[in-house]
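The sequence shown begins at 689 in the working numbering and counts up by one.
Ideal Cβ placement from N, Cα and C applies to all residues, glycine included.
Bear in mind the structure is a predicted one, so any value in this text is a computation, not a measurement.
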Amino acid sequence: MPSSPSPGRPRRLSRAHIRQDFAASLVVFLVALPLCVGVAVASGVPAELGLVTGIVGGLVTGVMRGSSLQVSGPAAGLTVLVLESVRAFGLAGLGVIVLAAGLVQTALGLLRWGRWFRAISLSVVEGMLAGIGLVIVAGQLYAAAGVTAPDGGPARLAALPAALAGALADPRAVASVAVAAGTVLVIVGWPRLPGRVGALPGALVAVLLAGLVTALAGLPVATVQVDGVLAAVRPPDSAAFLLLAEPAVLGAVLAFALIASAESLFSAAAVDRLHDGPRTEYDRELVSQGVGNTLCGLLGALPLTAVIVRSSANVRAGARTRASRVLHGVWLLVFAVLLPGALAHVPLPALAGILVHAGWKLIPFRGIVALWRGHRGEAAVLAATAAAIVAVGMLEGVLVGLGLAVAKAAWEASHLRVDHTDEPPPDGASPAHGEPCPSPHDAPSPYGRPRPPAVGVLRVRLSGGATFLGLPKLLDALEALPRDRPVEVDLSGLHHLDHACRAAMTAWAERHTAAGPHPVRLPPFPDPHAAPAAAPAGP
């Protein structure tokens, strides 16, 4: 059996790989085409800009090293942030924000900070995706009905039932909702068909069928407005760069860089589990994403990230090298140059249906249930992050989630548990004197006083982290121990013991010993500067 290539070493290109990559690139192209257009329309920018970002993701980011089989392009996860930025700063401002975010990503990658993005709490990432998914679903349901969505996540969710109910009285809205619903049904049901037919991308089939039905039936449904790729590309002018002096724009740059980087690197980790090829080089991948976003910003296009849907389709289609993702960018470029007019036949409700399905898939229902069963604190962080994104905004929600995750980690690191168990005295012996215990019928002691009763040892076990934050709890537990019993303290369960707790425990042991008939057995404190003991040699 041939050996797998070592991590980080690219596969050699062979004829078999060329055939596999060529076929995989066509599959990825068919998957990416409707998503690029749908994300652009949902973001409030011309549809052609989604194709531009997909082309950059293939031809530029796809050539660079990092993750060999991961595919980049416009992502549904950034739709909400892009829409807010376009409304606040315009298309020119969006280009500046994306360009600056790309430079930040590139700098972080060059500083070798890419691996640190993996330290972001998974509950924060899943909460971010859940919040984004809820906002996308709510917003695109309005788009499916052909009505304008109110501003703000809470207002959008609250007014949604009334908006959908009112749409049933308008024949145009009914037709629009029917096209969107049919699109979702095709996307969900198409992969279940047997044979090679079911292998076709469901989103592309749904768009083609929606366009065909709309044209043949003459449905009063809005379609994509097309102006041409060159007309849509508008690099930001010098005046737009003055926006970087505004704190709100700098916050948007930080949000784009943080969210796009986290989504890309988490996607890379997921893609690595799908194949046995070279592993992701996280710093290089972050640089690749940064260079791609810098170019997208210069072109005034959408930001790009690595997208798990396209990446998993690439792996399942048999891709072996980076050539598949580069070729998918070539096919997007060919389509944008030769067939841009085809977009004018795409119904907008069909794109809304694609985004509703994509937003629904972003909500990690299974992950939420698993977290609630095993780690309710993590589930609370996830829910708070999602709720903050819906109620306030993307950046604020992510910052709330990160703050809660850090606070939770700090609390767990300093959480101290004090347990004590009573050990009965050994049968027939007195631990205090080492003599046999007298029975009621025994003679009195030679000194005329009864022998003292046998007592057991009180064992106190400390576990967790003993820091100054838990010092009041520690002292309360220790000072409440009875003074007429021998006490043994077990420190083996501690993973951290700071100086304040060392000093407090030493002082307590001295006071307890002086006040009672039995000493406190306090083991030697571990040396924080000592090297770990070497593992015993094997036989």
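Test item: CB-CB of residue i and residue j under 7 Å
i               : j                  : result
glycine 868     : proline 1037       : According to the sequence provided, residue 868 is alanine. The question's glycine does not apply to it. Cβ atoms of alanine 868 and proline 1037: closer than 7 Å.
arginine 1149   : glycine 1181       : yes
alanine 1074    : alanine 818        : yes
arginine 1171   : alanine 1203       : yes
valine 774      : valine 823         : no
glutamate 973   : alanine 956        : yes
valine 1034     : valine 895         : yes
threonine 993   : alanine 735        : no
leucine 990     : leucine 737        : yes
isoleucine 1042 : glycine 726        : yes
glycine 1144    : aspartate 1107     : no
leucine 897     : valine 748         : no
arginine 1013   : glycine 750        : yes
leucine 1179    : proline 1207       : no
alanine 833     : alanine 857        : no
glycine 1158    : histidine 1183     : no
valine 784      : phenylalanine 1023 : no
leucine 1039    : valine 729         : yes
glutamate 951   : glycine 754        : no
proline 889     : leucine 718        : yes
Coil, strand or helix - residue i by DSSP
i                  : result
alanine 837        : coil
proline 1052       : coil
histidine 1063     : coil
glutamate 736      : helix
aspartate 1164     : helix
serine 976         : helix
aspartate 1178     : strand
arginine 1173      : coil
aspartate 964      : coil
methionine 1082    : helix
serine 999         : helix
serine 864         : helix
threonine 982      : helix
glutamine 708      : helix
valine 921         : coil
glycine 906        : coil
phenylalanine 1213 : coil
histidine 1121     : Low local confidence applies: a pLDDT of 41 at histidine 1121 is under 50, so the model's placement there is unreliable, and no value is given.
aspartate 858      : coil
leucine 888        : coil
arginine 753       : coil
proline 879        : helix
glycine 870        : helix
arginine 1013      : helix
alanine 1005       : coil
glutamate 1198     : helix
glycine 1029       : helix
Residue i - partner residues in DSSP beta bridges
i              : result
threonine 1109 : Arg1147
threonine 911  : Pro1035
glycine 1153   : His1184
glycine 761    : Thr993
leucine 1104   : Gly1152
valine 1088    : For valine 1088, which the question treats as bridged, DSSP gives no partner whatsoever.
valine 1208    : Val1175
Any C-beta of chain D under 7 Å from that of residue i
i           : result
alanine 735 : Included in the structure is just one protein chain, with no chain D present.
Distance between residue j and residue i (C-alpha atoms, nearest Å)
i               : j                 : result
aspartate 925   : valine 759        : 30 Å
aspartate 805   : leucine 852       : Strictly speaking, residue 805 in this sequence is phenylalanine, with aspartate absent from that position. Taking the straight line from one Cα to the other gives about 40 Å.
alanine 843     : aspartate 971     : 40 Å
alanine 1165    : glycine 1089      : 34 Å
glycine 1055    : glutamate 814     : 8 Å
alanine 1011    : alanine 1079      : 42 Å
glycine 1065    : lysine 1096       : 8 Å
leucine 1050    : serine 1000       : 15 Å
proline 859     : alanine 831       : 15 Å
leucine 932     : valine 744        : 24 Å
alanine 958     : glycine 886       : 24 Å
leucine 1070    : valine 1086       : 10 Å
serine 692      : histidine 963     : Residue placement at serine 692 is poorly supported in this model, since its pLDDT is 44, which falls under 50; the coordinates still yield a value, given next. Approximately 10 Å between the Cα atoms of the pair.
alanine 948     : glycine 980       : 11 Å
alanine 1093    : valine 812        : 7 Å
alanine 936     : alanine 776       : 9 Å
proline 1160    : aspartate 1186    : 14 Å
alanine 1072    : glutamate 772     : 21 Å
methionine 1082 : threonine 1201    : 58 Å
histidine 1103  : phenylalanine 954 : 29 Å
valine 716      : asparagine 1002   : 6 Å
- alpha helix (DSSP H) runs wholly inside the segment 764-835, at least 4 long, in chain order: With a minimum length of 4 residues, the continuous alpha helix (DSSP H) runs that stay inside the segment 764-835 are 767-798 and 810-833.
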